[in-house]
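Colleague: Position one of the sequence shown corresponds to residue 7 (my numbering), numbered consecutively onward. Quick one: structure below, then a few questions.
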Amino acid sequence: MGRAFVYVILGGGVAAGYAALEFSRRGISPGDLCVISEEPVVPYERPALSKGFLLPESPARLPSFHTCVGANDERLTPKWYQEHVIGFCTRIEEELQNKLTENMAAAMRGANHMLDKRCALKDKKGHAMNEMYWTKNNFDSEASMDILSRQKRRGSLENLPLLFPTSIRENMPWNDDTFRGIELVLGTRVKCADVRRKTLLTATGETISYNILIIATGARALKLEEFGVKGSEADNVCYLRDLADANRLVSVMQSNVGGNAVVIGGGYIGMECAASLVINKINVTMVFPEAHCMARLFTPKIAEYYEEYYKSRGVNFIKGTVLSSFENNADGKVTAVILRDGTRITTDMVVVGIGIRPNTSLFEGQLNMEKGGIKVNGRLQTSNNSVYAVGDVAAFPVKLFGETRRLEHVDSARQSAKYAVAAIMAPDKTADFNYLPFFYSRVFSLSWQFYGDNVGGVAHYGDFSGGTFGAYWVNKGQIVGAFLEGGNKDEYEAIAKTTRFKPMVQDMAELERLGLDFALQVCQEQEHISAAKADLIVERPIYTWHATAGVIVATSIAAFAYWYGRRRRRW
């Protein structure tokens with residue numbers, strides 16, 4: 007028992023949703039694509055789980071945050087995958103529009119792509135679908151366009167054959183796949199992958215084969231047991247990675263309003279969950295081994311600002327130590343946490359956010375690994391050219407820094423997924439992936455963005471007492487990273503562009519003095535340079551023609567002189 011597809015996306019996280027949308031927009035045929043996920047729901051925006059989903063009032067719930075709303079794009083509900091109308095209808099619409107503006111024969115050259123790119127330009131009776139065929143059968147393109155627009159508004163392909171008159175419709179090369187949409191295999195674990203044979207074996211025993219595979223398996227939350235601490239199976243110990251985790255966390259929070267919570271970990275999940283717990287009127291103590299929160303990204307000065315803000319909201323910080331063990335009651339629930347330094351904290355619930363580990367086990371020994379993930383090239387292609395990897399699981403070359411990185415953030419998942427599909431569908435038109443590392447977070451009324459790399463010297467600027475502030479990282483005389491809290495859209499775009507430009511910095515004190523104005527000035531200068539280059543490009547063909555004409559004239563004169571001189575000698 008098995009099924010075969012042209013493309014398979016393995017994984018049901020953010021990257022899977024963005025890849026599916028990109029495939030659709032690039033015009034795959036219905037039935038060509040399959041998405042396999044262990045989760046029972048179609049892909050959704052995971053950042054919502056630690057933000058809107060945990061709110062006590064008007065919380066976010068599916069289907070409101072299915073991909074790809076996180077990028078202000080289309081929301082891909084289960085119905086969207088079933089009907090898969092976007093790319094298919096768009097191709098048909100383009101072909102029908104051609105019939106209105108071009109001659110019949112030219113428009114019909116695309117009929118094969120319009121209906122099913124795998125079928126020949128013949129109907130079921132073998133008649134060539136040429137200009138005479140369509141004219142003879144009275145194809146009314148204007149009426150068909152009207153039907154198509156109504157079908158798209160209704161979000162259905164079921165009546166698509168009505169675009170054609172009966173005499174044509176009866177002989178059209180529809181097949182069983184024409185209206186299949188994108189195949190969803192949800193709530194299903196893949197237990198074995200064979201990249202040489204291009205097959206995946208599910209836990210149910212089904213074999214799914216592919217021509218091209220995109221690995222979007224993401225990562226799993228690290229468990230306390232992996233660090234020698236037992237007891238995370240207790241009912242009031244929560245992790246947060248998927249929808250099931252989020253539902254469980256909400257249930258535990260609702261039963262402990264006014265109580266105490268201990269958050270283990272001072273990274274993304276720890277900080278965002280701590281904020282949500284406070285909003286849910288729960289007293290929070292954060293425990294982590296580093297000297298300050300968000301230690302992998304924040305400087306001590308930046309971290310101090312956020313820690314002071316959290317303290318103003320009632321959060322207590324215990325730093326420089328780790329969890330050692332739990333105390334449990336007769337029902338098995340955790341009643342206290344014991345830290346390595348001997349501190350005992352009574353609690354009603356525990357939230358654990360101590361990192362993630364990429365889901366690579368299916369492909370270890372088959373694909374090259376690096377940085378804890380699957381190594382890919384600049385086209386996100388693995389060591390097997392039929393397999394691509396995206397999102398948290400991919401270790402890819404960051405061109406800006408000339409080294410391989412594995413990034414754990416939603417923007418990387420979104421952008422790498424879209425790029426991989428472009429590289430698959432249009433390889434000759436797709437340059438190497440050129441991604442600028444980007445991280446962001448929103449907690450309470452705070453919102454920050456970071457671009458690039460946090461290496462080298464740091465220049466802080468702005469109002470750290472509660473206004474807009476930020477920092478630049480300067481390495482080998484160039485800006486390589488930028489952080490901004492409380493900026494607007496233009497200001498965030500400015501620090502992003504500045505990081506990509508990597509301008510030289512001579513004076514760190516002057517950089518601190520200029521602060522955000524430095525990025526705004528760099529962007530203005532680059533715009534002027536780009537405009538000047540554009541003017542040169544416009545003028546260059548004229549100069550080239552003048553030069554070419556001059557060379558031709560000079561060559562002609564020289565040739566005439568040579569001929570005339572030889573003729574004189576003969577005289």
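Note that CB positions come from ideal geometry on N, CA and C, so glycine has one too.
(1) Can you tell me which of the three DSSP states Ala442 falls into?
(2) Based on the DSSP output, what are the partners of Ile324 in its beta bridges?
(3) Look up Cys74 in the DSSP assignment and say whether it is helix, strand or coil.
(4) Which residue wins for smallest C-alpha separation from Ser331, given the options Gly234, Lys503 and Ala281?
(5) Given this structure, state the Cα-to-Cα distance separating Leu230 from Val269, to the nearest angstrom.
(6) Could you give the uninterrupted runs of the alpha helix (DSSP H) lying entirely in the segment 11 to 58, keeping only those of 4 residues or more?
(7) Answer yes if the segment 248 to 265 comes into contact with the segment 326 to 343, meaning at least three C-beta pairs across the two stretches below 8 Å, and no otherwise.
(8) Could you pull out every residue in the same chain whose Cβ sits closer than 8 Å to the Cβ of Leu442, ignoring the five residues on either side in sequence?
(9) Enumerate in chain order the residues of its own chain whose CB-to-CB distance from Glu518 is below 8 Å, with the five nearest sequence positions on each side excluded.
(10) What did DSSP end up calling Met300 once you bin it into helix, strand or coil?
(11) Tell me the rounded alpha-carbon separation between Val14 and Ser392.
(12) Thinking just about the alpha-carbon of each residue, which of Cys529, Arg31 and Val356 is nearest to the one in Val243?
(13) Given this structure, state the Cα-to-Cα distance separating Gly492 from Thr474, to the nearest angstrom.
(14) Enumerated in chain order, which unbroken segments of the beta strand (DSSP E) with a length of 3 residues or greater are wholly contained in the segment 190 to 243?
(15) Let me make sure I understand the geometry here. Which of Phe11, Gly348 and Gln455 has the alpha-carbon closest to that of His415?
(16) Count Cβ pairs between the segment 16 to 25 and the segment 382 to 399 that sit closer than 8 Å; are there 3 or more?
(17) Rounded to whole angstroms, how far is the Cβ of Ser282 from the Cβ of Leu60, which I believe are closer than 8 Å?
(18) If I follow the unbroken alpha helix (DSSP H) through Gly276, where does it start and stop?
(19) Contact check, Val263 vs Lys287 under 8 Å by CB: the rounded distance?
(20) Quick one: residues in its chain with C-beta nearer than 6 Å to the C-beta of Glu333, no 5 flanking neighbours on either side, listed in chain order?
(21) Bridge partners of Trp86, per DSSP?
(22) Should Glu313 go down as buried or exposed, given a rule of 16 or more other Cβ atoms within 10 Å for buried?
(23) Among Val256, Lys307 and Ile351, which one has its Cα closest to the Cα of Val290?
(24) In whole angstroms, what separates the C-alpha of Val321 from that of Glu516?
(25) Is the CB-CB distance between Ala225 and Ile362 below 7 Å?
(26) Helix, strand or coil for Phe402? Go by DSSP, reduced to three states.
Modeller: Taking the coordinates as given:
(1) The sequence shown places Leu at residue 442, not Ala. In the structure shown, Leu442 falls within a coil segment according to DSSP collapsed to helix, strand and coil.
(2) Listed as beta-bridge partners of Ile324 by DSSP are Val293.
(3) Three-state DSSP puts Cys74 in coil, outside helix and strand.
(4) The residue with the shortest Cα to Cα distance from Ser331 is Gly234.
(5) About 13 Å.
(6) As far as the segment 11 to 58 is concerned, its whole alpha helix (DSSP H) runs of at least 4 residues are 20 to 31.
(7) Contact between the segment 326 to 343 and the segment 248 to 265 is absent, with fewer than three C-beta pairs closer than 8 Å.
(8) Around Leu442, the same chain offers Leu406, Tyr457, Gly458, Ala502, Thr505 and Arg506 as residues with beta carbons nearer than 8 Å, after the five sequence neighbours per side are excluded.
(9) Cβ within range, chain order: Ala465, His466 and Tyr467.
(10) Coil.
(11) Spanning the two alpha carbons is a distance of roughly 11 Å.
(12) It is Val356.
(13) Looking at the two C-alpha atoms, the distance is approximately 5 Å.
(14) Segments of the beta strand (DSSP E) lying fully in the segment 190 to 243: 196 to 200, 205 to 208, 213 to 221 and 225 to 227.
(15) The candidate whose alpha carbon is nearest that of His415 is Gln455.
(16) Short answer: they touch.
(17) About 4 Å; that satisfies the 8 Å criterion.
(18) That run of the alpha helix (DSSP H) goes Tyr274 to Ile285.
(19) With a Cβ gap of about 5 Å, Val263 and Lys287 count as contacting.
(20) Answer for Glu333: Thr341 and Ala342, listed in chain order.
(21) Its beta-bridge partners do not exist; DSSP assigns none.
(22) By the 10 Å Cβ count, Glu313 comes out buried.
(23) The residue among Val256, Lys307 and Ile351 with its C-alpha nearest the C-alpha of Val290 is Ile351.
(24) Rounded to the nearest angstrom, the two C-alpha atoms are 36 Å apart.
(25) Annotated as proximal: Ala225 and Ile362, with beta-carbon spacing under 7 Å.
(26) Here Phe402 sits in strand by DSSP.
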